[in-house]
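Counting with the UniProt record's numbering, you get residues 1 to 197 for the letters of the sequence shown.
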Amino acid sequence: MILTLLLAAAVPQTAVDAELAFAKAARGEGQWTAFRRFAAPDAVMFVPDVVKAQEWLQNRDDPATATRWQPAVSYVSCDGHWAVNTGGWQRPDGTSGYFTTIWHRGKRHWRWVFDHGDTTAAARIIPPKPVVHHAACSGKGTGTFGVDADAGFGSSGDQTLRWRWNVTYTKGRTLSVELWDGDQYQRVINDVVAPPK
């Protein structure tokens with residue numbers, strides 16, 4: 001009984017908890033080790049081309065010091081199985097930026113399915129506690145997560161959270177995330193990443 005309670009307490013309950021555990025694992029176990037452990041089998045990331053994360057991360061050595069990151073805002077589907085977190089990161093060399101990560105909760109664990117970010121001129125202000133926004137619980141349907149060459153889209157199963165991303169021929173990219181408010185979708189994230197120089 002006590003072991004069951006301890007194991008349950010160790011499993012992140014929310015996408016914010018998962019993000020914090022992911023960031024802590026990166027610092028303690030190694031950056032790419034944590035990315036592998038928390039990634040879904042079909043997760044994608046950008047280097048700057050879109051890649052299947054597990055393939056790209058396989059056998060990749062961890063940097064000596066991991067990038068640090070903190071969630072600032074989380075957008076959660078009505079059914080609670082999907083979330084999009086965004087926040088700030090800092091590299092050991094002093095550069096800073098933002099990240100956006102899409103998470104899915106399966107039967108037991110949260111796994112990230114999409115991760116990207118970009119540098120910023122100044123570090124983002126991170127609140128003491130991440131702000132969580134929940135979708136309204138109406139407008140249910142069937143959601144999918146798919147990747148087609150250099151573009152992808154998806155939604156929660158209840159279609160209260162949806163996203164679309166695209167990579168341009170110059171390697172720039174966009175990510176748009178929308179949250180259902182009971183009447184219509186509200187765009188809550190509109191990331192635009194310039195092509196690499």
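Don't be surprised by glycine CBs; every beta carbon is placed ideally from N, CA and C. Treat the numbers as computed from the prediction; the structure is a model and nothing was measured.
**OP:** Mind checking which residues open and close the alpha helix (DSSP H) that includes K53?
**Re:** Note on residue identity: the sequence assigns Ala, not Lys, to residue 53. Where A53 is concerned, the enclosing alpha helix (DSSP H) starts and stops at A53 to L57.
**OP:** Compare the C-alpha of Q186 against each of H134, G94, F114 and D62 and name the closest.
**Re:** Closest in C-alpha terms to Q186, from the list H134, G94, F114 and D62, comes H134.
Original post:
DSSP on A66, reduced to helix/strand/coil?
Top reply: If DSSP states are grouped into helix, strand and coil, A66 belongs with coil.
Subject >> V132 versus A122: straight-line alpha-carbon distance, rounded >> reply: Going from the Cα of V132 to the Cα of A122 covers about 23 angstroms.
Original post:
Out of D118, Q159 and I125, which has the shortest C-alpha to C-alpha gap to C137?
Top reply: That would be Q159, whose Cα lies nearest to the Cα of C137.
Subject >> N-terminal and C-terminal residue of the alpha helix (DSSP H) that R37 is part of >> reply: Start and end: Q31 to F38.
**OP:** Please list, in chain order, all residues of the same chain as P195 whose beta carbon is under 6 angstroms from its beta carbon, the five residues on each side excluded.
**Re:** So the list reads T170, K171 and G172, once near-sequence residues are dropped.
Subject >> Chain-order list of residues whose beta-carbon lies under 6 angstroms from that of E19 (same chain, five-residue window excluded) >> reply: Contacts found: P71 and N85.
Original post:
Is the number of C-beta pairs between the stretch 52-72 and the stretch 24-33 that are closer than 8 angstroms three or more?
Top reply: Under the three-pair Cβ rule at 8 angstroms, the stretch 52-72 counts as touching the stretch 24-33.
Subject >> Beta-carbon separation (whole angstroms), A39 vs Q54, contact threshold 8 angstroms >> reply: About 6 angstroms; that satisfies the 8 angstroms criterion.
**OP:** Please name the residue or residues paired with A21 in a DSSP beta bridge.
**Re:** Paired residues: none, contrary to the question.
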